[in-house]
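Enquirer: What follows is a single structure, and I will ask about it in a moment.
Residue numbers (the UniProt record's numbering), protein chains in the order written: chain L, 1 to 565; chain V, 1 to 565.
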């Protein structure tokens, strides 16, 4: 319709599309083909990001500490400071605070120009934002480390390139879902006599309205970028509501977005940060506004279900808690299986929505390449494998990171009373951060009758070895607990193709993604953008998959015009 | 996964896909290109459908009268008769009745085999069903005529080929949305040293669950086929709940579907008819079952809103009431404009969800190719155009059809008291059916202050000429009434490109499809599958568009498995 320009552009908006077109087309092809692909290297190597990148990133992060974050947003009525690093250092970054009225009004005002910019310009702007975020991956790594508690390398990868991948994936889906359909057509219907009936038609992809993304403490960027970029590319202005303990990664993100929008002469208020005061419940206030028509949420089941029930005006996507499952039936790589599981349980102290919680094991034990192992032996060997992985403090902290918040600590303490403790959680001293709170995982043994315990989520480094009658019983428990409470991941170990098939069928019925016989450098709690789905949308843990057609299709509508040719 | 076969196949399921593959691929291309295309000719000509088709169709229809419809469904506890032709003839067709428990149990049992059949087999089965329905278009035409009250030619076109088009369009979207993404992939991630990390991945499109389609009285097939076929192709068994006054068209549809399923060795209970007793409220009972995960509904705003609020477990698509708008600003084809509007108001006695209701006109009148016309003159000329169109009784009944039910009659009577009657509704004697209830449209003049009247839907042959301050005022009323009550269609007449642009912008903001300067054989109340959207999903009249990506994407999820290569 119109150009969408509202300010003085220093870059032609279409220029960003031209610049990134090839990347976008490769991204679309990857979503179709689901092969390995990424434009954002995950290695924090100087060879990839440049010799000075690491030092510059650290300096940029340190430059934020104790200062007001430079974010020029409308309606700011206060500056607020809400973060504290799980590694013990003081952040003291101040953010502008605005109320729901001011945020919604600014976003609404930005909508027409962003809508009218068209999908190509919007995709170009999104890719430029992601490109600049990629160049700031070291700064982002420190910001993610000191808000989530992730170890540095993980914070770099999951908070930087892998989050950018997930953002780009969402842009690719949204772009494809709009650009695949003709924008205009000369429609000609043959008539029995004479000339065909001819109409000229135009099709406008119009956004639903103002979008809200409610972010979490543990993956402030990775879990936010899919909703943020899916809403943006489909034409919706976005209000980003960070978790009060993890604001900085999203303040950087919003600042980069506003910078690119302004350069393109578009309204910077297309992306807004909604930093909130403690106990303000700004997310609930925003999510129930009639103008807010899209909500993406990652966090607790309680608030996720509240949003699903109380924001009927919005297209609501939630990622909540679940009970992730591992079925151990048999293996011909016993040592590698234990090593793989030990790493999955330890990575980021189990503070991933994808960390396995319930490891189902036949009471009679399992057959392995090292002979038959009793259930007790498997439990003991798994505990030993975790102990071996985390034996060295430096290596341990590189895997574990720090405990993000007191709720996790409390659950670790409670776990000891829930069954037979196969592995105790211990404190680890961090070599660099004296005040960091670092804990190793605990593993608790339970009988299959204790569904009251393993049937609900215990978020953190807490897992259960559940002894069952047999593998069929294990699979039934997987289906039932996931139908009831959901899961983001499932995993199976077996040397029997019939068991692997039965597990895949159970996964289809439970609606959960499943990995089989992971022994190498692929872990059930990690998923690769463009190829692996994160969640399915088919069980109570999440209404959305990152990313599939349903995740983007609900964010826009087609409006058509026609006239005689 | 598995073959999905549950019975003795007389046709290999894959054979239907092979047979119809080219049609399917053309259909997918048409949804992308949005050009004119149809495999189902809309002309009831002997040259197209064969010399005997008309007589055979009539005989087949008459064969149903006064008999039990041959439908072998599980759980039937009764036979019920609920239909009465608006043309006065007795139908007396008996249908098997089953309760919600039996229907849901049968549909659930059919789910695994239909899911496991895979999208190609499902698409092939759907296209074979549509092909056989196409060959029964004459039988269907009589069934639609004598349940909806549509005139015969319209019942043939809208109930037959055009409904089949909409069904095929839904199949094309669903097939495309699944088949576009790789079913399996060898994923290879380069490593710094050595061989790439290689995983074999499979992706299963799994259905949401049991689907329910709640049909309406006036377009029993056209409004049902999109939801029915969108759910089927994405793997969901479907329970079809017809309106008690329009069962026969859907009984034929369900019978054809079950016949094709059985021939393919698939479970016929993948498609079930839910004929209900009067006042049974079977739709509400079914829609709130936890196993029912998709609901498609066409009907009243009241029940549509009830479904939206009370079936949170389901993906709910509703088409409800709206206030369709025509903005008259100016024209250089005055006579043709009046003729086009007169036909739109008269077609099927205004009993279309797409019939214009509110015709907004500047108080000062309009400029035309026949000179300036006062608002009063335009109203009188429109009334005269309707009168001229319907002057001959045979022609009139061919356009008007019959009044579907007493609610419409009541609203016609009430309309006379709502404002200045510009055109009175009159009774027309039908040349063939003495007891047919046939009425001409009424047109009522109102001032813009009477939003209490024109701001809500008056379903039937009732329209309002609303005089406004000017065209800007007219467009504001369009935006406001549609934001409040929704609309399926909007239309504008102007010789001024600036007004046409403003109208298109207003349509984007209101979220309604708009037609400009319709004067020939294209009417605002008609839409062409593959090219025109029916509704947008962006205003209160409908949460769905027939068909767009959002209409199909919510009906399935991807579930993934992966293992080391």
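For glycine and all other residues, C-beta sits at the position ideal for the given N, C-alpha and C. The structure presented is a predicted model; accordingly, all values stated were derived computationally and were not measured.
Any contact between the stretch 503-522 of chain V and the stretch 137-155 of chain L? By contact I mean 3 or more CB pairs, one from each, below 8 Å.
Expert: no
Enquirer: Can you find a CB in chain V that lies within less than 9 Å of the CB of residue 531/L?
Expert: yes
Enquirer: When the Cα atoms are used, what is the spatial distance from residue 524/V to residue 531/L?
Expert: 44 Å
Enquirer: Thinking C-alpha only, which one of 16/V, 390/V, 77/V and 362/V is nearest residue 472/V?
Expert: 362/V
Enquirer: Going by the DSSP bridge assignment, what does residue 443/L pair with across the sheet?
Expert: 423/L and 463/L
Enquirer: Determine which residues of the stretch 21-53 of chain V have a Cβ less than 8 Å from any Cβ of chain L, and write them out in chain order.
Expert: 31, 32, 33, 34, 35, 36 and 43
Enquirer: Does the distance from the C-beta atom of residue 203/L to that of residue 182/L stay below 9 Å?
Expert: Yes, the pair counts as a contact, with Cβ atoms nearer than the cut-off.
Enquirer: Taking residue 549/V as the query, report the chain L residues whose CB atoms sit under 7 Å from its CB, ordered along the chain.
Expert: 177, 549 and 553
Enquirer: Which chain L residues sit within Cβ distance under 9 Å of residue 564/V?
Expert: 516, 517, 518, 519, 520 and 522
Enquirer: Is it buried or exposed, residue 355/L, if we count other Cβ atoms within 10 angstroms and call 16 or more buried?
Expert: buried
Enquirer: In chain order, which alpha helix (DSSP H) runs of at least 4 residues are fully inside the stretch 459-532 of chain V?
Expert: 471-485 and 497-510
Enquirer: Along the chain, where does the beta strand (DSSP E) that runs through residue 272/V open and close?
Expert: Here the beta strand (DSSP E) through residue 272/V covers 271-273.
Enquirer: Residue 373/L lies in the alpha helix (DSSP H); which residues open and close that run?
Expert: Where residue 373/L is concerned, there is no enclosing alpha helix (DSSP H), although the beta strand (DSSP E) it sits in stretches over 371-373.
Enquirer: Enumerate in chain order the residues of its own chain whose CB-to-CB distance from residue 313/V is below 7 Å, with the five nearest sequence positions on each side excluded.
Expert: 290 and 293
Enquirer: Is DSSP giving residue 212/V helix, strand or coil here?
Expert: strand
Enquirer: For residue 21/L and residue 124/L, what's the separation of their Cα atoms in angstroms?
Expert: Near 7 Å, if we compare the C-alpha coordinates of residue 124/L and residue 21/L.
Enquirer: Which of the three DSSP states, helix, strand or coil, is assigned to residue 346/V?
Expert: helix
Enquirer: Taking residue 47/V as part of the alpha helix (DSSP H), name the residues at either end of that continuous run.
Expert: 46-49
Enquirer: Leaving aside the five residues before and after residue 517/V along the sequence, list all residues of the same chain whose C-beta is less than 6 Å from its C-beta, in chain order.
Expert: Sequence-distant partners of residue 517/V (beyond 5 residues in either direction) whose C-beta falls short of 6 Å from its own C-beta, in its chain, are 493.
Enquirer: Cα-Cα, which of 431/L, 38/L and 55/L is closest to residue 46/L?
Expert: 55/L
Enquirer: Just to confirm my understanding: we take residue 184/V, look at its own chain, exclude 5 residues before and 5 after, and list those with CB closer than 6 Å. What are they?
Expert: 202
Enquirer: Rounded to whole angstroms, what's the CA-CA distance from residue 549/V to residue 552/L? Just pull it up for me.
Expert: Cα to Cα, the separation comes out at about 9 Å.
Enquirer: Can you pull the chain V residues whose beta carbon is under 9 Å from the beta carbon of residue 203/L, in chain order?
Expert: 34 and 533
Enquirer: When the Cα atoms are used, what is the spatial distance from residue 266/V to residue 491/V?
Expert: 46 Å
Enquirer: When the cut-off is 9 Å and only beta carbons count, does residue 268/L lie next to chain V?
Expert: For residue 268/L, the closest Cβ of chain V is not nearer than 9 Å.
Enquirer: Would you call residue 426/V buried or exposed, if buried means 16 or more other Cβ atoms sit within 10 Å of its Cβ?
Expert: exposed
Enquirer: In chain order, which continuous runs of the beta strand (DSSP E) of length 3 or greater are located wholly inside the stretch 54-107 of chain L?
Expert: Entirely contained in the stretch 54-107 of chain L, the beta strand (DSSP E) runs reaching 3 residues are, in chain order, 78-80 and 95-97.
Enquirer: List in chain order: all unbroken beta strand (DSSP E) runs of 3+ residues lying wholly within the stretch 252-310 of chain V.
Expert: 271-273 and 292-298
Enquirer: Alpha helix (DSSP H) containing residue 179/V: first to last residue?
Expert: 161-179
Enquirer: Going by beta carbon distance, what residues of the same chain come within less than 6 Å of residue 458/L, once the five residues before and after it are set aside?
Expert: 411
Enquirer: Against chain L, does residue 561/V count as a neighbour if the rule is that its beta carbon must be under 9 Å from one of theirs?
Expert: yes
Enquirer: Taking the continuous beta strand (DSSP E) assigned at residue 359/V, which residues delimit it?
Expert: 358-362
Enquirer: Please state whether the Cβ-Cβ distance between residue 233/L and residue 171/L is less than 9 Å.
Expert: yes
Enquirer: In this structure, how does DSSP classify residue 193/V when only helix, strand and coil are distinguished?
Expert: Looking at residue 193/V - three-state DSSP - the assignment turns out to be coil, as it is neither helix nor strand.
Enquirer: Please state whether DSSP places residue 207/V in a helix, a strand or coil.
Expert: strand
Enquirer: Hey, out of 158/V, 25/V, 213/V and 258/V, whose CA is closest to residue 72/V's CA?
Expert: In this structure, 258/V is the residue among 158/V, 25/V, 213/V and 258/V with its C-alpha nearest to the C-alpha of residue 72/V.
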